[in-house]
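Have a look at the structure below, then the notes.
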Amino acid sequence: MRPLPGAPPEDLGDGVVTLRLRRESDAPQITRGRRDQEARRWLGDAGAVDASPAAAVERARMQWSTGRSAPFVIADARTDEPLGQIRLMIHDDAARLVYIVYPEIRGLGVATRAVRLITRWALQELGLRTIVLEADVRNAASIRVAEKAGYRRRADRPEPHDRDRDGDRSPEAGRSPAPGDAPVVAVFESGPEPSLEPEE
Numbered sequence: 160m161r162p163l164p165g166a167p168p169e170d171l172g173d174g175v176v177t178l179r180l181r182r183e184s185d186a187p188q189i190t191r192g193r194r195d196q197e198a199r200r201w202l203g204d205a206g207a208v209d210a211s212p213a214a215a216v217e218r219a220r221m222q223w224s225t226g227r228s229a230p231f232v233i234a235d236a237r238t239d240e241p242l243g244q245i246r247l248m249i250h251d252d253a254a255r256l257v258y259i260v261y262p263e264i265r266g267l268g269v270a271t272r273a274v275r276l277i278t279r280w281a282l283q284e285l286g287l288r289t290i291v292l293e294a295d296v297r298n299a300a301s302i303r304v305a306e307k308a309g310y311r312r313r314a315d316r317p318e319p320h321d322r323d324r325d326g327d328r329s330p331e332a333g334r335s336p337a338p339g340d341a342p343v344v345a346v347f348e349s350g351p352e353p354s355l356e357p358e359e
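Each residue of the sequence shown is one higher than the one before, starting from 160 at the first, in our numbering.
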């Protein structure tokens, strides 16, 4: 595995979406998107927002500086408006992938494009062996994204709930269960390096 760079590459995009570092000006869209009820349903505490735009930017920079976490904003390649967020959490030669796209963007293929971009970058440029993506089995949209992005479903297992918002121990579908609820996550692993051509 090659070392994680201190910041995202400047050309990580496909002409429709770009993956870039967070900026203070992103705060209104990110706050609105992460307070969406559907996002809170699947992300739980991992969908919380930072105290201030400056704190959020500094937190993202600190995550990059550790060499173990690569957070990106998913931005519109034409307008640079934030469409969502995506992050790799790296452990040795493997990584976990988490993401969120904002309500008005869902169903437009943005999540699939972002997952393909970050997967291709991680496998080619970082030399990772595999990437894992987890989704609650009831979250049909996330399961479709994983499948369209070329990920292979390896197993279903009970969802852990002892994970924090930084993602080191936070699953992609990380909400707390209701009484009598027993969430199960589908575990996907990256396949061969994905094509960037969309499957809409």
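Where is the CB? At the ideal position from N, CA and C, for every residue including glycine.
From Ala300, Arg279 and Glu240, pick the residue whose C-alpha is nearest to that of Gly268; which is it?
Ala300
May I have the straight-line CA-CA distance separating Gly350 from Gly309, to the nearest angstrom?
6 Å
Measure from the alpha carbon of Val344 to the alpha carbon of each residue in Val296, Thr271 and Leu247, then state which is nearest.
Val296
Under 8 Å, do Leu171 and Leu242 count as touching if we go by C-beta distance?
no
At the level of alpha carbons, what is the spacing between Ala305 and Val291?
10 Å
Going by C-alpha to C-alpha distance, which of Ala253, Leu247, Arg218 and Ile259 sits closest to Gln188?
Ile259
For Gln244, count neighbouring Cβ atoms within 10 angstroms of its own Cβ and tell me buried if that reaches 16, exposed if not.
buried
What is the C-beta distance between Leu287 and Asp315, in whole angstroms, given that I count them as a contact (C-beta under 8 Å)?
Going by Cβ atoms, the distance from Leu287 to Asp315 rounds to 24 Å, so no, they are not a contact pair.
If you reduce the DSSP assignment to three classes, tell me which class Pro212 lands in.
helix
My understanding is that Leu163 touches Phe231, with C-beta atoms under 8 Å, so please give their C-beta distance in whole angstroms.
The pair is not a contact, with the Cβ atoms about 12 Å apart (cut-off 8 Å).
Taking 8 Å as the CB-CB limit, is Ala214 close to chain C?
No chain C appears in the structure shown, which is made up of a single protein chain.
Whole-angstrom C-beta distance between Arg311 and Phe347, which should lie under 8 Å:
6 Å
Nearest residue (CA-CA) to Glu183, options Arg191, Gly174 and Glu217
Glu217
In three-state terms, what does DSSP make of Ser349?
coil
Per the DSSP calculation, Arg312 is bridged to which residue(s)?
Phe347
Can you list, in chain order, the residues of its chain with a C-beta nearer than 6 Å to that of Ser228? Leave out the 5 residues immediately preceding and following it.
Gln222 and Met248
How would you label Gly192, buried or exposed, when you count the other beta carbons within 10 angstroms and need 16 or more for buried?
buried
Bridge partners for Tyr258 per DSSP, in chain order?
Ile245
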